[in-house]
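K.L.:
If you use my numbering, the sequence shown corresponds to residues 56 to 512, in order.
Backbone N, C-alpha and C define an ideal beta-carbon position, used for all residues, glycine too.
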Amino acid sequence: MIDYVPPKPVPQPRKVSLIKRWWHSRHDMLKPIPERSFNMKMGHIRMPRGDIYPVCETSLVRRILVEQWERFPKNRFLHQVLKPLLGDGIVISSGELWKMQRRMVDQAFEVARLQTVFPLMVDAVDALEARLDRLAGTGPVAFDVEMTHVAADIIFRTIFTVPLEQEDAARVLGAFKRYQEAAANAWMFGIAGLPSFINPHRIHTWRWGREIRGLLMPLAKARFAAAGRGEDSGQRDILDALIKAKDPVSGHVFTLEELVDQIATLFLAGHETTSAALSWTGFIAAQCPHVQERLRDEADEVFGERRPVHADIKRLKFTRDVFRETLRLYPSFGFIAREAAHTEHMRDKVVKAGASLAVAPWLIHRHRTYWDRPDVFDPDRFQSKEGKASLRCAYLPFSLGPRVCLGAAFAMQEATLIVASLFRRYRLVPDPGFETHPVGRLTIRPDKGIRLRIERR
Ligand code: HEM
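#1: So, for residue 441: in the same chain, excluding its five sequence neighbours on each side, which residues have a beta-carbon less than 7 Å away from its beta-carbon?
#2: If you draw a straight line from the alpha carbon of residue 381 to that of residue 149, how long is it in whole angstroms?
#3: Short check: CB of residue 135 to CB of residue 245, under 8 Å?
#4: Below 8 Å, how does it come out for the segment 346–366 and the segment 477–494: are there three or more Cβ pairs, yes or no?
#5: Quick one: what's residue 412 bridged to in DSSP?
#6: How is the beta strand (DSSP E) around residue 496 delimited, first residue to last?
#7: Tell me which same chain residues have a C-beta within less than 8 Å of the C-beta of residue 208, skipping the five on either side of it?
#8: Check whether the Cβ atoms of residue 411 and residue 396 sit closer than 8 Å, and answer yes or no.
#9: What are the complete beta strand (DSSP E) segments, minimum 3 residues, inside the segment 139–185?
#10: For the structure I just gave you, are there three or more beta carbon pairs, one from the segment 147–161 and one from the segment 273–287, closer than 8 Å?
#11: Write down every uninterrupted run of the alpha helix (DSSP H) in the segment 355–388 whose length is 4 residues or greater and which is fully enclosed by it, in chain order.
#12: Taking only the alpha-carbon atoms, compute the straight-line gap between residue 394 and residue 120 and give it to the nearest angstrom.
#13: Excluding the five sequence neighbours on either side, which residues of its own chain have a C-beta within less than 6 Å of the C-beta of residue 131, listed in chain order?
#14: Under the criterion of a Cβ to heavy atom distance below 7 Å, does residue 371 qualify as lining the ligand HEM?
#15: Any contact of the segment 262–274 with the segment 313–321, i.e. 3+ C-beta pairs under 8 Å?
#16: Check whether the segment 444–453 touches the segment 303–315, taking contact to mean three or more Cβ pairs, one atom from each stretch, closer than 8 Å.
#17: Using the Cβ count rule (16 or more neighbours within 10 Å means buried), how would you classify residue 273?
#18: At what residue ranges does the segment 308–350 contain a whole run of the alpha helix (DSSP H), taking only runs of 4 or more?
#19: May I have the straight-line CA-CA distance separating residue 300 from residue 118, to the nearest angstrom?
#20: Within this structure, are the beta carbons of residue 279 and residue 507 separated by less than 8 Å?
#21: Does the ligand HEM have even one heavy atom less than 7 Å from the beta-carbon of residue 228?
#22: Report the partner residues of residue 196 according to the DSSP bridge assignment.
#23: Just mark residue 303 as buried or exposed, buried being the case when its beta carbon has 16 or more other beta carbons within 10 Å.
#24: Taking Cβ to Cβ, would you say residue 282 is nearer than 8 Å to residue 314?
#25: Just verifying my parser: in three-state terms, what is the DSSP assignment at residue 93?
#26: Rounded to the nearest angstrom, what separates residue 524 and residue 342 at their Cα positions?
#27: Going by alpha carbons, who is nearest to residue 93 out of 486, 418, 465 and 389?
#28: So, using beta-carbon positions, are residue 390 and residue 95 closer together than 8 Å?
#29: Does the Cβ-Cβ distance between residue 404 and residue 398 come in under 8 Å?
#30: Looking at C-alpha atoms only, which residue of 385, 435 and 400 is the closest neighbour of residue 420?
#31: Enumerate in chain order the residues of its own chain whose CB-to-CB distance from residue 63 is below 7 Å, with the five nearest sequence positions on each side excluded.
#32: Just to confirm, does residue 171 get its C-beta within under 7 Å of one of the non-hydrogen atoms of the ligand HEM?
#33: May I ask which residues mark the beginning and end of the beta strand (DSSP E) holding residue 406?
#34: Pull up the CB-CB distance for residue 509 and residue 237, whole angstroms please, since I reckon it's below 8 Å.
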């Protein structure tokens with residue numbers, strides 16, 4: 056079988072400065088990266104408002120994310136651009152505030168136990184299939200839009216119990232898309248040295264951030280007020296658990312604004328990442344009929360015509376490996392941004408306090424020394440001894456350490472269910488002439504979306 060290499064950015068020649076290369080690549084973080092970076096241990100990019108150090112060496116990655124994680128708080132530029140939407144939500148907070156939030160959000164996440172939320176994920180997949188049945192056989196489909204809708208629907212049902220209907224989905228997801236574009240641009244302008252008060256994209260982050268919070272607020276407010284009056288909503292969802300969460304150390308309970316911070320955070324973190332990876336999975340499978348056949352055979356064998364049940368998930372081993380391999384090639388967070396709270400010595404470099412560090416799954420997952428045939432899509436690689444070793448030392452799509460993704464198991468479960476259900480029912484066919492490439496903004500996404508044809512099996 057011929058190795059399949061899915062789309063990757065074509066590195067630009069190094070004749071011009073990094074800032075110019077980035078500018079010409081339309082604010083894409085991936086395109087300006089030269090080929091030699093996939094071999095490096097640690098880089099150094101000089102920037103007007105503080106240097107940036109991309110990090111690939113595994114011992115340094117562990118030092119930053121696991122062993123000395125408190126010395127490396129969240130990056131302030133990222134905090135600035137996400138604040139209009141997320142307030143001080145758990146993804147961007149640091150220090151004692153983060154510790155308290157994590158204790159409280161962990162408590163709330165208890166209700167999102169994998170077995171408990173499974174039926175709700177199946178309901179969202181049923182709704183996806185109803186939409187795809189209407190689109191099947193009609194011509195090219197915006198597959199990434201469908202993946203965004205189903206991932207958003209799942210997290211919406213988990214937080215609020217109710218489904219995300221078509222009309223609301225279009226409004227909320229449209230606003231999220233515009234926010235993500237504005238935030239990515241504002242972030243890059245911030246790093247490049249533009250003072251925040253003349254950064255044009257920051258205005259848009261406030262505008263779209265306010266719009267999204269305005270959509271989420273009424274849902275939270277009614278339930279928050281009812282809880283304040285001592286009424287029980289009867290819903291056992293994340294919103295209910297967040298309202299009831301009490302920090303065991305300080306006794307703090309969330310105010311309404313803080314509640315919306317956490318809901319917006321979970322909604323953003325819970326759909327944007329999963330949908331990007333699912334979109335790539337569909338694109339790759341459409342190019343690889345032999346992969347599709349194996350996915351279909353596995354789904355047929357594990358649950359066939361009946362409704363999937365929770366115990367099926369651990370039997371869908373190939374499906375899980377296809378998704379894991381997609382996350383290796385397209386980690387939703389290509390760069391995990393931190394900053395040095397103190398001056399640090401790393402390899403031959405002195406990293407000054409305040410400098411930015413970018414732990415780089417995008418480079419580590421394709422690193423020439425950690426992986427065999429790094430750019431090739433090979434879901435069977437995790438079964439070999441070498442593949443397992445690479446997986447242990449150089450695979451971190453969900454990050455590592457105390458700030459590891461809170462929804463990693465949730466995401467793996469929903470993705471495995473969605474992929475298996477898709478291929479049990481449909482065949483994905485490439486749309487002739489359609490090309491797409493990864494771009495690095497807040498997450499790694501396909502620059503032209505994913506267009507493909509869907510046929511009923
Ligand atoms: C394929 C899907 C996903 C990927 C690749 C992913 C990846 C990540 C990564 C890399 C981080 C660390 C970010 C950093 O430290 O800067 C993170 C944090 C987080 N993720 Fe995910 N995530 C996914 C799905 C989800 C889902 C479904 C949820 C919620 C249900 C979620 C909730 C969170 C939260 C709350 C944090 C912040 C944790 C903390 O700082 O304490 N994620 N995720």
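P.N.:
In short, the structure shows the following:
#1: 427
#2: 30 Å
#3: yes
#4: yes
#5: 108 and 393
#6: Premise fails: residue 496 is in no beta strand (DSSP E) and is neither H nor E.
#7: 179, 182, 183, 218, 219 and 224
#8: no
#9: none
#10: no
#11: 372–384
#12: 11 Å
#13: none
#14: no
#15: yes
#16: no
#17: exposed
#18: 311–342
#19: 32 Å
#20: no
#21: no
#22: 507
#23: exposed
#24: no
#25: helix
#26: Nothing can be reported for residue 524, as the shown portion of the chain is limited to 56 through 512.
#27: 418
#28: no
#29: no
#30: 385
#31: 430 and 493
#32: no
#33: 404–406
#34: The Cβ separation is near 31 Å, so there is no contact.
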